[in-house]
Every structure is written in structure tokens, then in C-alpha cells.
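*Asks:* Chains G and H are the protein sequences, given in the same order.
Its first residue numbered 1, the first sequence is counted upward by one per residue in full-length UniProt numbering.
Its first residue numbered 1, the second sequence is counted upward by one per residue in full-length UniProt numbering.
This structure is in C-alpha cells; I'll ask about it shortly.
Number of protein chains: 2
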Amino acid sequence: MDTKKLFQKFVAFTTAVHRVKHEMTKDVRTGEITPVQYDILEYIAVSQPVTLSEISDCQHLSMPNASRELKKLAEKNLCEKFAASEDRRKQYIRLSKKGEAMMNKVFESVEARFLERIKHASEEDLKEIEHALDVLHAKAFYS
Amino acid sequence: MDTKKLFQKFVAFTTAVHRVKHEMTKDVRTGEITPVQYDILEYIAVSQPVTLSEISDCQHLSMPNASRELKKLAEKNLCEKFAASEDRRKQYIRLSKKGEAMMNKVFESVEARFLERIKHASEEDLKEIEHALDVLHAKAFYS
DNA sequence: CTCTTTAGTTATCATTTGATAAATAAATCG
DNA sequence: CGATTTATTTATCAAATGATAACTAAAGAG
Numbered sequence: 001m002d003t004k005k006l007f008q009k010f011v012a013f014t015t016a017v018h019r020v021k022h023e024m025t026k027d028v029r030t031g032e033i034t035p036v037q038y039d040i041l042e043y044i045a046v047s048q049p050v051t052l053s054e055i056s057d058c059q060h061l062s063m064p065n066a067s068r069e070l071k072k073l074a075e076k077n078l079c080e081k082f083a084a085s086e087d088r089r090k091q092y093i094r095l096s097k098k099g100e101a102m103m104n105k106v107f108e109s110v111e112a113r114f115l116e117r118i119k120h121a122s123e124e125d126l127k128e129i130e131h132a133l134d135v136l137h138a139k140a141f142y143s
Numbered sequence: 001m002d003t004k005k006l007f008q009k010f011v012a013f014t015t016a017v018h019r020v021k022h023e024m025t026k027d028v029r030t031g032e033i034t035p036v037q038y039d040i041l042e043y044i045a046v047s048q049p050v051t052l053s054e055i056s057d058c059q060h061l062s063m064p065n066a067s068r069e070l071k072k073l074a075e076k077n078l079c080e081k082f083a084a085s086e087d088r089r090k091q092y093i094r095l096s097k098k099g100e101a102m103m104n105k106v107f108e109s110v111e112a113r114f115l116e117r118i119k120h121a122s123e124e125d126l127k128e129i130e131h132a133l134d135v136l137h138a139k140a141f142y143s
């Protein structure tokens with residue numbers, strides 16, 4: 001196998017994923033939050049409940065900066081902190097009602113665009129897409 | 001086909017691509033340039049020669065901001081502008097020798113990590129990966 | 001019970017990024 | 001030719017982000 005060619009495809013593909021993701025989410029960000037705050041909210045939505053340390057690690061933010069941004073999100077009533085019973089230093093974070101509502105709207109909108117994007121795909125195509133997602137996730141974009 | 005489930009895979013996959021790309025490129029950025037400047041350089045490297053307007057469009061930067069960042073890159077001798085003969089308002093932009101050298105090193109390093117990432121894949125696996133890249137690029141992450 | 005480590009906060013400062021207004025200069029349109 | 005559009009620049013300001021130091025409070029180790 002010509003891995004050089006494979007690598008080029010890998011790069012082009014990665015760029016395409018970036019572009020498409022940006023296009024699908026660019027206007028879902030309300031004026032209320034910054035890009036970094038949106039990323040944090042998205043992460044919480046998918047992984048809640050999470051700790052501050054996890055946000056810091058996964059979003060590549062220092063603890064002080066993560067703490068600051070989370071405070072702003074809490075002030076905007078988009079997420080809530082609650083103490084962990086096992087360890088009183090820790091706190092778990094989850095979306096508030098308002099945060100849930102916002103992220104639900106976001107995901108609905110993104111899903112609609114996704115469906116639009118695959119609307120001309122046949123049942124076969126969809127199977128192929130699903131399989132391709134599984135393959136790449138497992139063999140190239142694993143953690 | 002359960003498109004709900006497919007959408008969830010799509011989201012999880014997109015996140016994984018982000019994460020992997022970040023991991024593969026995080027330390028290739030020398031201290032000399034900012035993240036936005038790195039993105040511009042990467043875009044020039046792949047698409048050169050490009051115009052300022054193209055950078056502005058593709059990198060989602062306003063013209064004034066694109067112009068500013070490009071000026072900084074030119075001052076660092078990482079890229080060069082040259083007038084377009086057809087239209088004297090335009091200028092084409094390409095990497096300088098130094099910029100080429102920098103980006104070559106970057107791509108080498110990323111390629112090495114890519115190879116590391118797929119080193120345990122069999123010849124069959126590689127074929128499957130390549131096919132999956134083609135399928136997804138054409139049917140889900142097209143432009 | 002001290003010592004060290006872990007989780008998180010607050011404050012501060014520098015840098016980066018984004019947004020906007022106003023300018024130049026060349027191309028194109030009528 | 002004059003008016004408009006296109007490509008780009010410069011300047012300026014506000015906001016977002018990143019980095020660092022110094023702090024509190026609880027947990028865990030010996």
C-alpha cells in the first residue's frame with residue numbers, strides 16, 4: 001500500500017471534516033457565548049456530569065482559564081456546579097435547564113443539516129457511510 | 001436506516017477527528033507563530049498560490065484581519081507576496097523558502113505520527129481505511 | 001499529626017483575535 | 001470619461017484567550 005497517498009487522503013479528509021463541521025455549526029452559536037464557551041458547553045452536553053479538571057484536560061485549557069470560563073457560563077445560567085459527595089474538593093458540572101434547552105436547539109439544527117447533507121443517499125449509501133464511520137473511528141481516529 | 005443513530009456516530013466521529021488532529025499537530029507549532037497564523041500557513045502550503053481574499057474566505061477571517069496576519073507572516077519571512085500580472089489589484093501568496101522548510105518539517109512530523117497510528121494495520125485494514133476515507137469524503141463531508 | 005498532593009479559585013497582565021471605519025488603487029461598467 | 005465595484009491596506013478599539021503567581025481547602029501518605 002502506498003502510505004504516502006493514504007496520508008494525503010487523510011490530510012485532505014481531515015480538512016474536509018473541519019470545514020463541514022464549521023459550516024454546520026457556525027450560526028448556532030448565539031451571541032451570548034464565545035467560541036471557547038461553546039466548546040465547553042458542547043463537551044458538557046455530551047459528557048455530563050464532568051469535573052473542572054476534565055474540562056481543563058479535554059478542552060486544552062489551563063485550570064485557571066477553565067475555571068474563569070465556567071464561572072461565566074454559570075453566571076449566564078447555562079450550567080450548574082454541584083459538590084461531589086465522595087470528595088469535597090471536587091464538583092460535578094452539568095447543564096442547567098436553560099443550557100439543556102440551548103444545546104438541544106443546537107443539536108436539532110445540526111442534525112437537520114446532517115439529514116439535508118445525506119438526503120440524496122440511498123439505503124445502501126447510508127449503510128456504507130455508517131460502516132465507514134465505524135472503520136475510521138476504530139482504525140485511524142481512535143484515542 | 002436509523003438516522004438518529006447515524007447522526008450520533010457522525011457527531012462522535014467528528015469529535016474524534018478533532019481530537020486526533022489536535023494531538024497530531026499540537027507541538028508542531030513553533031513558538032514563532034500564533035494558532036491563526038499556523039492555520040493560514042497550512043492553507044497556503046496546501047493551496048498555493050493563493051490570494052488574500054481566498055485566505056479571508058477559507059479561514060473565516062475578515063479582510064483587514066487576514067491582511068494583518070499575513071503581513072506578520074511576511075515580516076517573519078515565512079511567506080511572500082507577488083503581484084498578479086492579469087490584475088494589478090491582486091497579489092498571489094506563496095510560502096518562502098523558510099516557510100516551505102517549516103511546513104515540510106511539520107508535515108513530516110505529522111506523517112510520522114500518522115504512520116505510527118496505522119502501523120498495526122494489516123494490508124486489508126489499509127485498503128479498508130482508504131475506501132472509508134473515499135466514501136465519507138464523497139458522501140458525508142463533501143463541499 | 002505534619003507533609004504533600006489534588007482540585008479549584010482569584011487576580012493580573014500580555015497577547016491574540018475580532019470588528020469597524022476609512023483609505024488607496026486598479027478594474028469594470030455604462 | 002465618470003461612477004461603481006473589487007482587492008487590499010492601515011489604523012483603532014474592544015473582547016477573548018493564554019499564562020502565571022499566589023491562594024484556599026480537602027484528601028491522602030507516612
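Idealized CB from N, CA, C, for every residue including glycine.
1. Leaving out the 5 sequence neighbours to the left and right, which residues in its chain are closer than 8 Å to THR51/H when beta-carbon positions are compared?
2. Quick test of your reading: CYS77/H and SER47/H, contact by CB under 8 Å. State the CB separation rounded to the nearest angstrom.
3. Output, in sequence order along the chain, the residues in the segment 34 to 50 of chain G whose CB is closer than 8 Å to any CB in chain H.
4. Rounded to the nearest angstrom, what separates ARG117/H and PHE13/G at their Cα positions?
5. How many angstroms separate the CA atom of VAL106/H from the CA atom of THR3/G?
6. Looking at the unbroken alpha helix (DSSP H) that takes in residue 146/H, where does it start and where does it end?
7. Hey, would you say ALA121/G sits closer than 7 Å to LYS9/H, going by beta carbons?
8. How about VAL36/H and GLU75/H: are their beta carbons less than 7 Å apart?
9. Under 8 Å by Cβ, that's how I've got ALA132/G and LEU136/H pegged, so tell me the actual separation to the nearest angstrom.
10. Can you check whether the C-beta of LYS9/G is within less than 7 Å of a C-beta belonging to chain H?
11. Helix, strand or coil for residue 170/H? Go by DSSP, reduced to three states.
12. Starting from ARG88/G, trace the alpha helix (DSSP H) both ways and give me its first and last residue.
13. Report the option in SER143/G, GLU130/G, SER56/G whose CA atom is closest to the CA atom of MET1/H.
14. Taking Cβ positions only, does LYS76/H come closer than 7 Å to chain G?
15. Would you please state the rounded distance, in angstroms, between the beta carbons of SER143/G and ARG19/H? I believe it to be under 8 Å.
16. Please list, in chain order, all residues of the same chain as VAL11/H whose beta carbon is under 8 Å from its beta carbon, the five residues on each side excluded.
17. So is GLU128/G buried or exposed if we call it buried at 16+ other beta carbons inside 10 Å?
18. Can you list the residues of chain H that SER143/G reaches, using a CB-CB cut of under 9 Å?
19. Residues of chain G with CB closer than 8 Å to the CB of GLU128/H, please, in chain order.
20. With a cut-off of 7 Å, does the C-beta of GLU123/H fall near any C-beta of chain G?
21. If the criterion is Cβ atoms closer than 7 Å, does the pair ALA45/H and ILE55/H meet it?
22. So, is the C-beta of ALA66/G closer than 7 Å to a C-beta in chain H?
23. Apart from the five residues on each side of it in sequence, which residues of its chain come closer than 6 Å, Cβ to Cβ, to GLU42/H?
24. So that I know if they touch, is there some Cβ in chain H lying closer than 7 Å to that of GLU100/G?
25. For THR3/H, which residues in chain G fall below 7 Å Cβ to Cβ?
26. MET63/H: buried (16+ other C-beta within 10 angstroms of its C-beta) or exposed?
27. Please report the distance separating the alpha-carbon of LEU115/H from that of GLU86/H.
28. Please list, in chain order, the chain H residues whose beta carbon lies closer than 7 Å to that of GLU111/G.
29. Inspect the beta-carbon positions of residue 179/G and ALA16/H and report whether they are closer than 7 Å.
*Replies:* Quick look at the numbers:
1. ALA84, LYS90, GLN91, TYR92, ILE93
2. A small correction: the amino acid at residue 77/H is Asn; Cys does not occupy that position in the sequence shown. 20 Å between Cβ atoms; not a contact.
3. VAL46
4. 16 Å
5. Linking VAL106/H to THR3/G through their CA atoms gives a straight-line distance of about 17 Å.
6. Residue coverage of chain H in this structure runs from 1 to 143, which leaves residue 146/H outside it and unanswerable.
7. no
8. no
9. Contact flag correct, Cβ pair sits at about 5 Å.
10. With 7 Å as the cut-off, LYS9/G counts as an interface residue toward chain H.
11. Absent from the structure is residue 170/H, since the part of chain H shown begins at 1 and ends at 143.
12. Element bounds for ARG88/G: n/a, residue is neither H nor E.
13. GLU130/G
14. no
15. The Cβ separation is near 7 Å, so the contact holds.
16. For VAL11/H, where only same-chain residues beyond five positions count, there are no Cβ hits under 8 Å.
17. buried
18. ALA16, ARG19, VAL20, GLU23
19. Those are VAL135, LYS139, listed as they occur along chain G.
20. yes
21. no
22. no
23. none
24. no
25. The CB of THR3/H comes closer than 7 Å to the CB of LEU115 in chain G, given here in chain order.
26. exposed
27. 43 Å
28. Near GLU111/G (Cβ distances below 7 Å), the residues of chain H are PHE7.
29. Residue 179/G cannot be examined here, being either before or after the span of chain G that is shown, 1 to 143.
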